[in-house]
Structures are given as structure tokens and as C-alpha cells.
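Worksheet: the structure to be examined is printed underneath.
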Amino acid sequence: MTVISLLKDTAAKTCELDPIPTWLLKQLATCIAPVICRLCNLSLEQGVFPAQLKQARVLPLLKKPTLDPDEPSSYRPISNLSYISKLIERVVVSRFAEHSAMHSLLPVQQSAYRPHHSTETALLSVHNGLVRSVDNGRVSLLVLLDLSAAFDTVDHQLLLSVLAKRFSLDSTVLGWFESYLTDRTQIFTYKGEQTSSFPVDCSVPQGSVLGPRCFVSYTEDIADLLEAHAVQSHLYADDTQFHDSCRPDDTDTLRSRLSRCADDINSWCKSRRLQLNADKTEAIWVGSRANLARITNSDGSIRVGRSSRPPSSAILVSI
2 MTVISLLKDT AAKTCELDPI PTWLLKQLAT CIAPVICRLC NLSLEQGVFP AQLKQARVLP
62 LLKKPTLDPD EPSSYRPISN LSYISKLIER VVVSRFAEHS AMHSLLPVQQ SAYRPHHSTE
122 TALLSVHNGL VRSVDNGRVS LLVLLDLSAA FDTVDHQLLL SVLAKRFSLD STVLGWFESY
182 LTDRTQIFTY KGEQTSSFPV DCSVPQGSVL GPRCFVSYTE DIADLLEAHA VQSHLYADDT
242 QFHDSCRPDD TDTLRSRLSR CADDINSWCK SRRLQLNADK TEAIWVGSRA NLARITNSDG
302 SIRVGRSSRP PSSAILVSI
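Going by the working numbering, the first residue of the sequence shown is number 2, and it counts up by one from there.
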């Protein structure tokens, strides 16, 4: 990967923190590429992410058009970062992806932020498992977990520990990630107004290139927990779906087993400083019409933490 190809392939988005417009930088690619290349190499060689590139302007983005715009929880904070900072991140993402793929460090169930994986592979995987169960005359219970502000609660020290122990990053490489995560600041802007600068002592920036890759690395071992419960599962960033099937007359056993799985996931979330949102977690029974008619409302719910979630008649898969 060359700096010139990066400059040509990336979108011409400009941040207020950029000293010159991105379109002009791209036009000057052949002249400026050696300077940017030198900057990238020095950053990687010394294990230091430039302090001047750690500032972000955070913009509130409405999660869904149907949500109340006057409610703060309806918004997702998106970090607007300088163009050069994201170029350096792209170099690191490329190398980190090669390292993860070479050593099979990410679970096959994770479809987010990986080559040849997408929302399509996630949907096909879940759909295939459910349809096979229907064909075999069984009913399936599908559980869709929701995490509250998952990207915003990532603990930096825990993330660095995961990168060291699970991904075998050490020395200068681990030092670079620590430098990237620490001493960051952000300014919130809305309708032309902006706040003073705030320090960022947790989270990975939404809107960055490397942040989402850090998150799927931070949570990759949830696949081990799901496998230990012998359930079928698939992950897409912070969205986790798991399911299993049974005979129509054995739904109590399946419901209890998946409730225990949800309890263990809840405990795992607490160990990672993540919060499982039981109110937004959904469950749905899937099967033929005749078999679903044999499931009563009394035995159709699933326990998530201290909450009991009744089954839904329809769900919206938001991945």
C-alpha cells in the first residue's frame, strides 16, 4: 500500500481541523506523498501517534429519523477527525488486518470491518440456521442483544490488555496503540455552537478508521462464551445474535438454556465495562405456523439479567 494510492482511494472529506482542504491535498498527491509517508513511518517506528492529531470535533447524528430530535439519547456521537490522522490509521488498519487474518485471531462469526464480510454474510448466516431448523420440524429461539453506547465505554487499559494477550501485540506496536488511545480530546459542536475541549479517558472514536477495528478486537472473545453454551451465533460490531432450536414440546429447556447464556453474556459485559441493555434486547420464536401455535405466551419469554423479555411477533434487524 502506497501513500499515493491511499490519497487517491479515500473520499475527499474535510474536517475543520485540517489546515488545507482535502481536495487540494489530493491534487497535490505526488508532491505531498513523501512528506506523509515520512510521517507515517516515523509514527510506526517510534510507536507514537502525533499529539496534534488526537483532537476530534464530535457531531451528534440522529440514530433513526423516527426518534425524538429533542431527546439526547436519540443521537450517536460521531468524531470528525483530521484527514491526515485517518490516513495513518488506514496504514495501521491494513497491517493489523493482515496480522489478524494470518493468525485467525478474529472469530468466523464476526462480520464487521473485515474483508469479504458484510451485513449480507451476517444475515445469511442467521437466516440459514433458522431455515434449516424449520425444515427439520423444530422451533428456534433467536435472541438479539443490545449494548448501551458500546463504543463509548471501551476501557483503554482493558483494550490494551486484550491486544497484548489475545492478539500478541507488544513492544513498539503496543506502544503505538497506547499512544493512539491516550491523551485524546474532543469538542462538541451543534448548530454552530461548540463547547470547550474535554479529555477522553475511555471509548474508541466513532467516525475513525481504527476505532471500530479496536472494538471488534476488544469483544472477540465473546465468541468463546457463545461456543461454550453450544448455541449458533453471529456478530456484527456491537450487535450479537444467538439462537438454538428444539422440539416444539421442549421449549422450556431451550428457553432456560438461552437465559443462562444471556446471564453469562451480561457478566462478561460487566467485566469489559460494557452495559447490556435488557430493555432493547429482543427475542423471537421462529418455526412453522403449526409448531409456533404449540408455544404459549407463558413459556415464550427469555430472562436477560433481572428482566424477562416477552417474545416479539416481528423484529427489525439493525446491522
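Backbone N, C-alpha and C fix where the C-beta goes; we use that ideal spot for every residue, glycine too.
- Spatial neighbours of F189 in its own chain (CB-CB distance under 6 Å, excluding positions within 5 residues in sequence) are listed in chain order as V59, T196.
- Counting only runs that start and end inside the segment 271 to 301, the beta strand (DSSP E) elements of at least 3 residues fall at 283 to 287.
- If the five residues before and after R304 are omitted, its C-beta is found closer than 6 Å to the C-beta atoms of S260, all from its own chain and listed in chain order.
- Per DSSP, the beta bridge partners of Q56 are T186.
- Ranked by how close their Cα comes to the Cα of A224, the residues L255, C215, V201, C262 have C262 in first place.
- Apart from the 5 residues on each side of it in sequence, D156 sits with its Cβ closer than 8 Å to the Cβ of C203, R273, R274 in its chain, given in chain order.
- L45 is not a Cβ neighbour of Y84, given a cutoff of 8 Å.
- The straight-line gap separating the alpha-carbon atoms of Y219 and V163 is approximately 6 Å.
- Taking C-beta atoms as the reference points, L226 and D265 count as a pair closer than 8 Å.
- Beta-bridge pairing by DSSP links I303 to R310.
- Counting the other CB atoms within 10 Å of its CB gives N137 a total below 16, which places it among the exposed residues.
- In this structure L82 is in contact with G208, their Cβ atoms being roughly 6 Å apart against a cut-off of 8 Å.
- Looking at the DSSP output, H235 sits in a beta bridge with Q242.
- Annotation: the continuous alpha helix (DSSP H) that includes N42 extends over 30 to 47.
- In this structure, DSSP gives R77 an extended state, which the three-state scheme calls strand.
- Excluding sequence positions up to five before and after L88, its CB lies within less than 8 Å of the CB of V4, L7, L8, T11, I37, C41, all in the same chain and listed in chain order.
- The straight-line gap separating the alpha-carbon atoms of K166 and L175 is approximately 11 Å.
- Within the same chain, Cβ atoms closer than 6 Å to the Cβ of P249 are found at V140, N292, R295, the five residues on either side in sequence being excluded.
- With a 10 Å radius around the Cβ and a threshold of 16 neighbouring Cβ atoms, Y191 comes out exposed.
- By the Cβ criterion, the segment 227 to 243 is in contact with the segment 110 to 117, since at least three pairs of Cβ atoms, one from each stretch, lie closer than 8 Å.
- For P20, the secondary structure class from DSSP, reduced to helix, strand or coil, is coil.
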